[in-house]
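Worksheet: the structure to be examined is printed underneath.
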Amino acid sequence: MNADTHVLDRPPAGAGVDWTIPQDWAAYTPEDHATWDLLFARQAALLPGRASESWLRGLDVLKLSKPGIPDFDELSERLMKATGWQVVAVPGLVPDAVFFDHLANRRFVAGNFIRRRDQLDYLQEPDVFHDVFGHVPMLADPVFADYLVAYGQGGLRALEYGSLNRLARLYWYTVEFGLVEEAGGLRIYGSGIVSSRGESIFALDDPSPNRIGFDLKRVMRTEYRIDDYQQSYFVIPSFEELLRVTVETDFAPLYAALDGLPDLAVDAIVDGDRVLTHGSQTYAAERRRG
Ligand code: HBI
Ligand code: FE
Numbered sequence: 001m002n003a004d005t006h007v008l009d010r011p012p013a014g015a016g017v018d019w020t021i022p023q024d025w026a027a028y029t030p031e032d033h034a035t036w037d038l039l040f041a042r043q044a045a046l047l048p049g050r051a052s053e054s055w056l057r058g059l060d061v062l063k064l065s066k067p068g069i070p071d072f073d074e075l076s077e078r079l080m081k082a083t084g085w086q087v088v089a090v091p092g093l094v095p096d097a098v099f100f101d102h103l104a105n106r107r108f109v110a111g112n113f114i115r116r117r118d119q120l121d122y123l124q125e126p127d128v129f130h131d132v133f134g135h136v137p138m139l140a141d142p143v144f145a146d147y148l149v150a151y152g153q154g155g156l157r158a159l160e161y162g163s164l165n166r167l168a169r170l171y172w173y174t175v176e177f178g179l180v181e182e183a184g185g186l187r188i189y190g191s192g193i194v195s196s197r198g199e200s201i202f203a204l205d206d207p208s209p210n211r212i213g214f215d216l217k218r219v220m221r222t223e224y225r226i227d228d229y230q231q232s233y234f235v236i237p238s239f240e241e242l243l244r245v246t247v248e249t250d251f252a253p254l255y256a257a258l259d260g261l262p263d264l265a266v267d268a269i270v271d272g273d274r275v276l277t278h279g280s281q282t283y284a285a286e287r288r289r290g
């Protein structure tokens with residue numbers, strides 16, 4: 001999430017130097033749990049046949065269908081057995097260096113608060129539904145779990161090179177809004193899509209957005225929007241391939257090469273793209289007209 005205005009410059013009172021806080025599971029109200037159950041029921045009905053096999057398996061392995069907001073300790077115990085990851089609570093967005101350090105050490109930071117009833121379909125800060133329902137199932141996949149570790153390590157290096165915006169785009173177009181080609185067809189693995197009712201349909205079925213084969217350099221040049229559905233989605237062939245390019249690429253020369261190239265607009269199609277859908281961009285055009 002790139003809502004930089006929400007990032008505080010030091011841990012709030014009660015948080016550790018790593019910005020973690022107790023989840024305080026006992027403090028959730030019956031209404032909080034009911035909000036989770038409502039969001040869960042809506043998405044669980046929609047996602048079979050749409051979400052990646054890996055995400056669906058994660059939901060099952062981690063027993064996320066148990067009613068109510070998950071207890072992070074219980075969840076971490078299951079996740080630890082699967083891939084060595086843990087879920088830790090934070091009050092909201094944390095600084096990039098803190099975020100990357102957690103990922104590099106197999107700790108996924110999750111907001112401990114849940115959205116209000118008037119925010120069911122959109123909120124800016126990552127809450128427990130987005131973070132746990134959206135992200136955590138993928139962490140039960142050993143290959144994806146390793147990818148996120150590699151990403152965290154790459155993030156710490158990108159901060160040194162001053163190339164954070166490039167690497168943030170990689171996160172955005174994979175972890176948050178990625179699609180994958182599976183035997184049955186295109187599937188969703190991005191957390192921003194699986195945690196959104198509207199985008200779970202739009203990303204796969206709508207003729208508006210571009211769907212383009214994933215290419216690391218291409219993605220790192222591409223702008224993104226945080227205020228509405230994406231205008232382009234990038235499609236990976238497999239999680240193995242995503243992990244492989246991330247681990248095998250030497251990022252320093254890549255960043256240097258990118259510095260000489262212009263950024264690409266959210267709806268661009270360029271030479272060399274493997275175009276699965278050349279989007280009509282009708283949705284975005286209609287939203288602009290209001
Ligand atoms: N903090 N809690 C939280 N969640 C995020 O996804 C997050 C963050 N801080 C920084 C950050 N993401 C970015 O660095 C990534 O989007 C690249
Ligand atoms: Fe997220």
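If you're matching positions, the sequence shown starts at 1 in my numbering and goes up one per residue.
All C-beta atoms, glycine included, are put in the ideal place defined by N, C-alpha and C.
Because the structure is a prediction, the values reported are computed rather than measured.
Assuming residue i contacts residue j under a Cβ cut-off of 8 Å, what Cβ separation, rounded to an integer in Å, is found between them?
i: Ala110; j: Gly58; result: That pair is no contact at about 14 Å.
i: Arg169; j: Ala158; result: Arg169 to Ala158, Cβ: 11 Å. No contact.
i: Val266; j: Arg225; result: 6 Å
i: Gln43; j: Asn112; result: The Cβ separation is near 20 Å, so there is no contact.
i: Glu182; j: Ser52; result: 6 Å
i: Tyr151; j: Tyr171; result: 7 Å
i: Asp131; j: Arg115; result: Not a contact, Cβ separation roughly 11 Å.
i: Ala136; j: Leu75; result: Note that residue 136 is Val in the sequence shown, not Ala. That belief holds up - the Cβ atoms of Val136 and Leu75 are roughly 7 Å apart, short of 8 Å.
i: Pro67; j: Asp37; result: 6 Å
i: Leu164; j: Asp101; result: Not a contact, Cβ separation roughly 14 Å.
i: Ser200; j: Arg106; result: No, Ser200 and Arg106 are not in contact; Cβ-Cβ is about 28 Å, not under 8 Å.
Rounding to the nearest angstrom, what Cα-Cα distance links residue i and residue j in this structure?
i: Ile212; j: Gly134; result: 22 Å
i: Gly320; j: Leu148; result: Within the shown structure, residues of the chain are numbered from 1 to 290, placing residue 320 beyond reach of any answer.
i: Leu46; j: Pro70; result: 20 Å
i: Arg197; j: Phe177; result: 13 Å
i: Val90; j: Trp55; result: 23 Å
i: Glu77; j: Leu254; result: 38 Å
i: Asp250; j: Gln281; result: 34 Å
i: Val245; j: Leu216; result: 8 Å
i: Asp205; j: Gly185; result: 12 Å
i: Arg287; j: Ser208; result: 12 Å
i: Ala285; j: Asp118; result: 26 Å
i: Trp85; j: Phe108; result: 7 Å
i: Ser275; j: Ile269; result: Note that residue 275 is Val in the sequence shown, not Ser. Cα-Cα distance, rounded: 8 Å.
i: Ser238; j: Ala13; result: 42 Å
Going by DSSP in three states, residue i sits in which element: helix, strand or coil?
i: Val165; result: With the sequence shown as reference, residue 165 is identified as Asn, and Val is not the correct amino acid for it. Helix, per DSSP.
i: Tyr283; result: helix
i: Arg233; result: Reading off the sequence shown, one finds Tyr at residue 233, where the question assumed Arg. Of the three classes helix, strand and coil, the one that applies to Tyr233 here is strand, per DSSP.
i: Ala328; result: Nothing about residue 328 can be reported from this structure: the residues present for the chain run from 1 to 290 only.
i: Ile188; result: strand
i: Gly111; result: strand
i: Ile321; result: This structure leaves residue 321 out entirely; the chain is present only between 1 and 290.
i: Val266; result: coil
i: Ile226; result: coil
i: Leu242; result: helix
i: Leu258; result: helix
i: Leu62; result: coil
i: Thr249; result: coil
i: Ala140; result: coil
i: Gln86; result: strand
i: Thr29; result: coil
i: Glu125; result: coil
i: Gly213; result: strand
i: Leu179; result: strand
i: Val275; result: strand
Contact criterion: CB-CB distance below 8 Å. Does residue i meet it with respect to chain C?
i: Thr282; result: The question asks about chain C, but that chain is absent: this structure has only one protein chain.
Open item on the list: So, does the region 92–106 touch the region 22–33, judging by three or more C-beta pairs under 8 Å?
Closed with: Contact check between the region 92–106 and the region 22–33: fewer than three CB pairs, one atom from each, fall below 8 Å, which does not count as touching.
Open item on the list: Can you confirm whether the region 221–233 touches the region 172–192 when touching is taken to mean that 3 or more C-beta pairs between the two stretches lie within less than 8 Å?
Closed with: yes
Task: Touch test, the region 256–270 against the region 217–224, Cβ-Cβ under 8 Å, three pairs minimum - done: yes
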